[in-house]
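Okay, so here's the structure we're looking at.
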Amino acid sequence: MSALISFASQFGAKIMLNPEFIVENAQRYYFINPALRKLARRDFYYAGLYLGKVKKGVFFPSFNLLNMLVATAANKVILDRKTAWLYICGRDVFRTGILKMTGSKRKGDATLVLNEFGECLGFGRIMGQIDESGKNDIIIKNVSDVGDFLRRER
Amino acid sequence: MSGKDFFLNRYENLGWHFQEPNVRQAIRINKTTAKGKHLVKRLEGLGIQLEKVPFLEQGYWVKSSKISVGATAEYLLGLYSIQEAAAQIPATLFTGLKGKKVLDAAAAPGGKTVQLADLMENSGVIIALDVDKQRLTALANHLERCHVSNTVVYQFDARQASQLNLKFDRVLLDVPCSGNFASDKDWFKHRTMQDVERNAKVQRGILAEAVKCLADDGEIVYSTCSLEPEEDELNMDWAVKNLNLQIQEVNCHGAKGLTNIFGHKLDVSVERCRRIWPDETQGFFVCKLKRRMKST
């Protein structure tokens, strides 16, 4: 649970889930609601809502978790349509593709990356000050994006 | 007992004349995740032209597309799934899925599991089984992409499902099968009657086990993408005669099940099954079953 809280706090977000229902299995975290919990055996492969995994001491969030953080996160960046497409292809974000940025603008901080509809595409690291950067400077370094679902299948 | 001529001759004897199918790509809108998002309009804006599948509530044919429908943000965000039209039928045949305990006995890669979760609006519980670890990874990815939250997945053989010690209200048996030529261009080259008979036996094993896990008033939906009657009508006839099951009427796309297979007469209730010969969809077979009620 501490891995999840610590991850969420990077965005100024809170985990709004009852910790009683968060289960760790093979270093993967799942939110398992009471109805499921009554039936789920310990040897499950996957259960409930997958929240993320810890690998070599680093927490990797699921897209379910990132999606959940949108409601409470302070650090968010909204991309225009073309940049959103490039982002899910694994690309970083230049200043010109950003429609709106809220919360921290400090270099190294984490931010959720949303499309024009407010849907979470992933998260990234702030690389430069949006107000002081040139149009070809990278503002957000891509850390994780939903295009990963396609890359996993290769 | 194999080869194109052999199988086409069988289909002729079953009353279907071969015609080259034109299987159309289809998607299914996940109403839980796509609610209020005007998805059809959004996809049209991306150059994806859709046409409603007349026999499906959430299904659309892809009429034309400038981009791959499997690589849009909308797909990656779980707003829709790519799911062949006939394969969308089985999950829709259950009644009152919300809040129910459902077994998806051969679940991977998870298209129907996600559809069940969507129809259940993530209420109740789905227990999803598959034996193949690699396919379970695909299932898990599918569940994550579509934000499914009511499913527990086990690496488990459906023929041992009763070991879970659970009784299910609804059981989906989309059983492993021999497939069909419309979805596999080399099908005629590599399929033999031995495969068909082996698969039919496995399917009967899964069916028999599923009955042990079925609640008294529970429903089973059995489906295959095989055109071979051994895996379809003959197995349903066997289930009626050996498992105390009754075939239910269904109101869905497809022709009536066959009750005369190469001169062998089956229980008349087998015609309540639905057989879909390949055309705009792949070949498919579906049947809904319940326990036979004790006569009073």
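Taken in order, these protein sequences are the chains called A and X.
The C-terminal residue of the first sequence carries number 154 in this note's numbering, and the numbering is unbroken.
The C-terminal residue of the second sequence carries number 1296 in this note's numbering, and the numbering is unbroken.
Just so it is clear, CB atoms sit at the ideal spot from N, CA and C, and this is done for glycine as well.
Subject >> Backbone secondary structure at K56/A - three-state DSSP >> reply: In this structure, K56/A counts as coil in the three-state DSSP scheme.
Original post:
What number of angstroms, rounded off, separates the C-alpha of L1136/X from the C-alpha of C1225/X?
Top reply: When rounded, the distance between both Cα atoms is 20 Å.
Subject >> Proximal chain A residues relative to G1166/X, where beta-carbon distance stays under 7 Å >> reply: Note that residue 1166/X is Leu in the sequence shown, not Gly. Result: L39.
**OP:** Have a look at R37/A and V1023/X and give me their C-alpha separation to the nearest angstrom.
**Re:** If you take the alpha carbons of R37/A and V1023/X, they lie about 41 Å apart.
Original post:
How many Å lie between H1038/X and T96/A at the Cα?
Top reply: Approximately 27 Å between the Cα atoms of the pair.
Original post:
In three-state terms, what does DSSP make of I1082/X?
Top reply: Of the three classes helix, strand and coil, the one that applies to I1082/X here is strand, per DSSP.
**OP:** Report yes or no: do three or more beta-carbon pairs, one from the segment 1201-1213 of chain X and one from the segment 65-80 of chain A, lie closer than 8 Å?
**Re:** They do not touch, by the three-pair rule.
Original post:
With DSSP run on the structure shown, which of helix, strand or coil describes I1048/X?
Top reply: Reduced to three states, the DSSP call for I1048/X is strand.
**OP:** Hey, could you find the ends of the beta strand (DSSP E) K100/A is sitting in?
**Re:** Segment 98-102, the beta strand (DSSP E) holding K100/A.
Subject >> Identity of the residue in R1291/X, G1059/X, D1118/X, G1179/X nearest N1242/X by Cα >> reply: If we check each option's Cα against that of N1242/X, R1291/X comes out closest.
Original post:
By DSSP, does K1294/X sit in helix, in strand, or in coil?
Top reply: Reduced to three states, the DSSP call for K1294/X is coil.
Original post:
Is there at least one Cβ from chain A nearer than 8 Å to T1144/X's Cβ?
Top reply: First, the residue type needs correcting, since residue 1144/X is Glu and not Thr in the sequence shown. Contacts with chain A at 8 Å (Cβ-Cβ) include E1144/X.
Original post:
Is the beta carbon of T1375/X less than 8 Å from the beta carbon of A1107/X?
Top reply: Any question about residue 1375/X goes unanswered here, given that chain X covers just 1001 to 1296.
Original post:
Listed in chain order, which residues of the segment 1076-1088 of chain X have Cβ atoms closer than 7 Å to some Cβ of chain C?
Top reply: Note that chain C does not occur in the displayed structure, where the protein chains are A and X.
Original post:
Under 8 Å Cβ-Cβ, which residues of chain X neighbour D43/A?
Top reply: Near D43/A (Cβ distances below 8 Å), the residues of chain X are Y1154.
Subject >> Closest residue to A1255/X among I1276/X, K1265/X, I1261/X (Cα-Cα distance) >> reply: The residue with the shortest Cα to Cα distance from A1255/X is I1276/X.
Original post:
Residues of chain X with a CB under 8 Å from the CB of V143/A: which are they?
Top reply: By Cβ distance, chain X contributes nothing, its closest Cβ being about 16 Å from V143/A, past 8 Å.
Original post:
Would you call N1244/X buried or exposed, if buried means 16 or more other Cβ atoms sit within 10 Å of its Cβ?
Top reply: Exposed: under 16 other Cβ atoms inside 10 Å.
Original post:
Taking 8 Å as the CB-CB limit, is S2/A close to chain X?
Top reply: For S2/A, no CB of chain X lies under 8 Å from its own CB, so it is not counted at the interface with that chain.
**OP:** Name the two residues that bound the continuous beta strand (DSSP E) containing Y30/A.
**Re:** Unbroken beta strand (DSSP E) run through Y30/A: 28-31.
Original post:
Is any beta-carbon of chain X found at less than 8 Å from that of L17/A?
Top reply: For L17/A, the nearest beta carbon of chain X is not closer than 8 Å to its own beta carbon.
Subject >> Status (buried if at least 16 other CB within 10 Å, exposed otherwise) for M1236/X >> reply: Buried, since its Cβ has 16 or more Cβ neighbours within 10 Å.
Subject >> Contact check, E139/A vs V70/A, beta carbons under 8 Å >> reply: Note that residue 139/A is Ile in the sequence shown here, rather than Glu. With respect to the 8 Å criterion, I139/A and V70/A are not classified as neighbours on the basis of their beta carbons.
**OP:** Output the distance between the C-alpha atoms of I1082/X and V113/A, rounded to the nearest integer angstrom.
**Re:** Straight-line Cα distance between these residues: approximately 25 Å.
Original post:
On the three-state DSSP scale, how would you describe E1233/X?
Top reply: Note: E1233/X maps to helix in three-state DSSP.
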